[in-house]
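Engineer: In this note's numbering, the protein residues as written are 11 to 341. C-beta atoms are modelled at their ideal positions from N, C-alpha and C, and glycine is treated no differently.
(1) Residue 237 to residue 99, Cα distance in whole Å?
(2) Would you mind reading off the limits of the beta strand (DSSP E) that contains residue 49?
(3) Counting along the chain, where does the alpha helix (DSSP H) carrying residue 34 start and finish?
(4) Check the C-beta distance from residue 52 over to residue 62 and give it rounded, since I have them as a contact under 8 angstroms.
(5) Residue 206 lies in the alpha helix (DSSP H); which residues open and close that run?
(6) Look up residue 105 in the DSSP assignment and give the residues it is bridged to.
(7) Nearest-angstrom Cα distance between residue 26 and residue 108?
(8) Given this structure, state the Cα-to-Cα distance separating residue 34 from residue 196, to the nearest angstrom.
(9) Short of 8 angstroms in beta carbon distance, which residues of its chain neighbour residue 152, apart from the five on each side in sequence? Order them along the chain.
(10) Can you find the residues in the same chain that come closer than 7 angstroms, C-beta to C-beta, to residue 128, ignoring five residues on each side of it along the sequence?
(11) Do residue 174 and residue 226 count as a contact pair if the criterion is CB distance below 9 angstroms?
(12) Classify residue 182: buried if its beta carbon has 16 or more other beta carbons within 10 angstroms, exposed otherwise.
(13) Identify the residues that DSSP records as bridge partners of residue 228: which are they?
(14) Which partner residues does residue 79 have in the DSSP bridge list?
(15) Could you give the DSSP three-state label for residue 322: helix, strand or coil?
(16) Do you know offhand how far residue 333's Cα is from residue 280's?
(17) According to DSSP, residue 263 sits in a beta bridge with which residue or residues?
(18) Measure the alpha-carbon distance for residue 16 versus residue 216 and round it to whole angstroms.
(19) So, helix, strand or coil for residue 141, using DSSP?
(20) Where do the N-terminal and C-terminal ends of the alpha helix (DSSP H) with residue 301 fall, by residue?
(21) Alpha carbon to alpha carbon, how far is residue 117 from residue 252?
(22) Compare the C-beta of residue 191 with all C-beta atoms of chain C and state if any pair is closer than 9 angstroms.
(23) Using 9 angstroms as the threshold, is the C-beta distance between residue 165 and residue 122 below it?
(24) Along the chain, where does the alpha helix (DSSP H) that runs through residue 279 open and close?
(25) Quick one: complete beta strand (DSSP E) runs, 3+ long, within the region 142-167?
(26) For residue 178, which residues from the same chain have a beta carbon less than 8 angstroms from its beta carbon, with the 5 sequence-adjacent residues on both sides left out?
(27) Thinking C-alpha only, which one of 324, 326, 180 and 309 is nearest residue 338?
(28) Three or more C-beta pairs closer than 8 angstroms, one from the region 135-148 and one from the region 237-251: is that the case here?
(29) Tell me whether residue 23 is buried or exposed, calling it buried when 16 or more other Cβ atoms sit within 10 Å of its Cβ.
(30) When DSSP builds the beta bridges, which residues end up paired with residue 136?
(31) Under 7 angstroms Cβ to Cβ from residue 318, same chain only, skipping five residues before and after it: list those, please.
(32) Could you tell me the alpha carbon to alpha carbon distance between residue 92 and residue 160, rounded to whole angstroms?
(33) Using 8 angstroms for Cβ pairs, my map puts residue 328 next to residue 32. What's the rounded Cβ distance?
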């Protein structure tokens with residue numbers, strides 16, 4: 011593959027720059043044709059410049075082929091939400107997969123949550139018509155619902171999953187979730203090789219805990235996806251194990267789900283697993299499927315062998331784990 015892909019790197023705050031550097035080391039070791047340019051954003055940038063997401067950073071992200079993001083602190087909404095909006099990233103993909111060697115509640119978990127990222131309760135706006143009374147607006151459209159449903163089915167085929175579950179609350183949210191489900195049903199007819207089912211969000215929350223193997227690909231609206239994806243993370247060992255991808259009409263944005271962890275920032279002991287798995291997702295998105303699989307297999311090998319950071323029971327630092335992954339990639 012001869013094309014040089016431009017990657018905008020935004021380390022952000024706290025442990026963000028550390029885990030991002032670990033992911034970059036792994037990406038460079040693959041030999042993929044990637045060129046990295048670093049940009050600033052986050053709390054530190056806000057303190058220095060008065061702007062959490064400088065125009066230079068936004069322009070760099072928009073001109074890139076993909077963005078690798080670390081973590082943002084108190085100003086996260088000003089950074090990550092605006093990035094997603096400007097990049098027109100309407101799909102948020104959150105894989106949750108249990109790994110051998112990692113203590114977790116449900117080792118049988120292996121699912122992808124595909125979350126609509128451009129509308130819903132988070133984007134409809136809030137109002138306070140009078141003191142002590144507030145309202146929020148939930149906007150669900152056929153266009154966005156159909157688009158995210160197709161994304162879920164296409165991912166299922168690509169990843170070898172056999173079932174897509176549309177998660178809703180239509181018994182209460184009759185208008186908005188009817189729009190969502192009708193769009194999902196229309197998309198499902200275009201993918202007859204994939205089993206399609208619908209389930210209430212409260213039932214799904216319980217079933218995910220009791221029997222997560224019931225689910226493979228979940229497609230849902232913004233708020234439900236936000237909550238269920240964190241629940242899924244709890245099943246496999248926590249947010250430190252979870253990468254995510256934000257896809258849409260512009261450059262893709264890849265970010266670990268965890269926060270800035272200021273209590274361990276700068277100590278070189280942050281768990282880079284999620285960031286390295288983000289690197290694998292980035293590679294696959296850009297067409298380097300074999301390299302992505304190599305990274306994922308190496309991560310799985312390190313986790314199984316205990317070649318991890320202290321939070322997972324190992325003795326390695328952040329870059330030490332990255333080097334262990336790189337060593338297994340070459341094995």
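Structural biologist: So, to answer that:
(1) In the chain shown, the residue the question calls residue 237 occupies position 227. In the chain shown, the residue the question calls residue 99 occupies position 89. One C-alpha to the other measures close to 19 angstroms.
(2) The sequence position of residue 49 within the chain shown is 39, counting from 1. Annotation for residue 49: the continuous beta strand (DSSP E) segment containing it runs 44-49.
(3) Residue 34 sits at position 24 when you count from the first residue of the chain shown. Element bounds for residue 34: 26-40.
(4) Mapped onto the chain shown, residue 52 falls at position 42. Mapped onto the chain shown, residue 62 falls at position 52. Contact holds; Cβ gap of about 6 angstroms.
(5) Along the chain shown, one-based indexing puts residue 206 at 196. Boundaries around residue 206 are those of the beta strand (DSSP E), 205-210, since no alpha helix (DSSP H) includes it.
(6) Against the chain shown, residue 105 aligns to sequence position 95. Answer is 122, bridged to residue 105.
(7) Working through the chain shown from its first residue, we reach residue 26 at position 16. Working through the chain shown from its first residue, we reach residue 108 at position 98. Just so you know, the alpha carbons of residue 26 and residue 108 end up roughly 23 angstroms apart.
(8) Working through the chain shown from its first residue, we reach residue 34 at position 24. Working through the chain shown from its first residue, we reach residue 196 at position 186. The alpha-carbon atoms of residue 34 and residue 196 are separated by roughly 40 angstroms.
(9) Counted from its first residue, the chain shown places residue 152 at position 142. Correct list, in chain order: 189, 192 and 193.
(10) Taking the chain shown and counting its residues from 1, one reaches residue 128 at position 118. Apart from sequence neighbours up to five positions away, the residues of its chain that approach residue 128 with a beta-carbon distance below 7 angstroms are 100 and 154, ordered along the chain.
(11) Counted from its first residue, the chain shown places residue 226 at position 216. Counted from its first residue, the chain shown places residue 174 at position 164. Contact: yes.
(12) Taking the first residue of the chain shown as position 1, residue 182 is located at position 172. Looking at its Cβ environment, which holds fewer than 16 other Cβ atoms inside 10 Å, residue 182 is exposed.
(13) On the chain shown, residue 228 is found 218 positions in, with the first residue counted as 1. 123 and 175.
(14) Position 69 of the chain shown, counted from the start, is the residue given in the question as residue 79. According to DSSP, residue 79 shares a beta bridge with 20.
(15) To locate residue 322, count along the chain shown from 1; it is residue 312. Three-state result, residue 322: helix.
(16) Translated into positions along the chain shown, residue 333 becomes position 323. Translated into positions along the chain shown, residue 280 becomes position 270. Their Cα atoms are separated by approximately 14 angstroms.
(17) Reading the chain shown from its first residue, position 253 is the one you call residue 263. Residue 263 is bridged to 77 and 256.
(18) Within the chain shown, the letter at position 6 stands for residue 16. Within the chain shown, the letter at position 206 stands for residue 216. So the alpha carbons of these two residues sit roughly 42 angstroms apart.
(19) The residue you call residue 141 lines up with position 131 of the chain shown. Coil.
(20) Within the chain shown, the letter at position 291 stands for residue 301. Segment 299-315, the alpha helix (DSSP H) holding residue 301.
(21) Numbered from 1 along the chain shown, position 107 holds the residue referred to as residue 117. Numbered from 1 along the chain shown, position 242 holds the residue referred to as residue 252. Those two C-alpha atoms are separated by around 15 angstroms.
(22) The structure shown contains no chain C; it holds only a single protein chain.
(23) Here residue 165 refers to the residue found at position 155 of the chain shown. Here residue 122 refers to the residue found at position 112 of the chain shown. The criterion of a C-beta distance shorter than 9 angstroms is satisfied by residue 165 and residue 122.
(24) What you label residue 279 is simply residue 269 of the chain shown in a count that begins at 1. Premise fails: residue 279 is in no alpha helix (DSSP H) and is neither H nor E.
(25) Entirely contained in the region 142-167, the beta strand (DSSP E) runs reaching 3 residues are, in chain order, 143-146.
(26) Position 168 of the chain shown holds residue 178. So the list reads 187, 190, 191, 208, 209, 210, 211, 230, 231 and 234, once near-sequence residues are dropped.
(27) If you number the chain shown from 1, residue 338 lands on position 328. In this structure, 309 is the residue among 324, 326, 180 and 309 with its C-alpha nearest to the C-alpha of residue 338.
(28) No: fewer than three Cβ pairs fall under 8 angstroms.
(29) For this step, residue 23 is matched to residue 13 along the chain shown. Residue environment: residue 23 is assigned as buried (16 or more neighbouring CB atoms within 10 Å of its CB, all protein chains considered).
(30) One-based indexing of the chain shown puts residue 136 at position 126. Beta-bridge partners assigned by DSSP to residue 136: 146.
(31) The residue given as residue 318 occupies position 308 in the chain shown. Taking residue 318 as the centre and dropping the five residues before and after it, the same chain places the C-beta of 312, 324, 326 and 331 closer than 7 angstroms to its C-beta, in chain order.
(32) Working through the chain shown from its first residue, we reach residue 92 at position 82. Working through the chain shown from its first residue, we reach residue 160 at position 150. Approximately 24 angstroms between the Cα atoms of the pair.
(33) In the chain shown, counting from the first residue as 1, residue 328 sits at position 318. In the chain shown, counting from the first residue as 1, residue 32 sits at position 22. Yes, they are in contact, since the Cβ atoms of residue 328 and residue 32 sit about 5 angstroms apart, within 8 angstroms.
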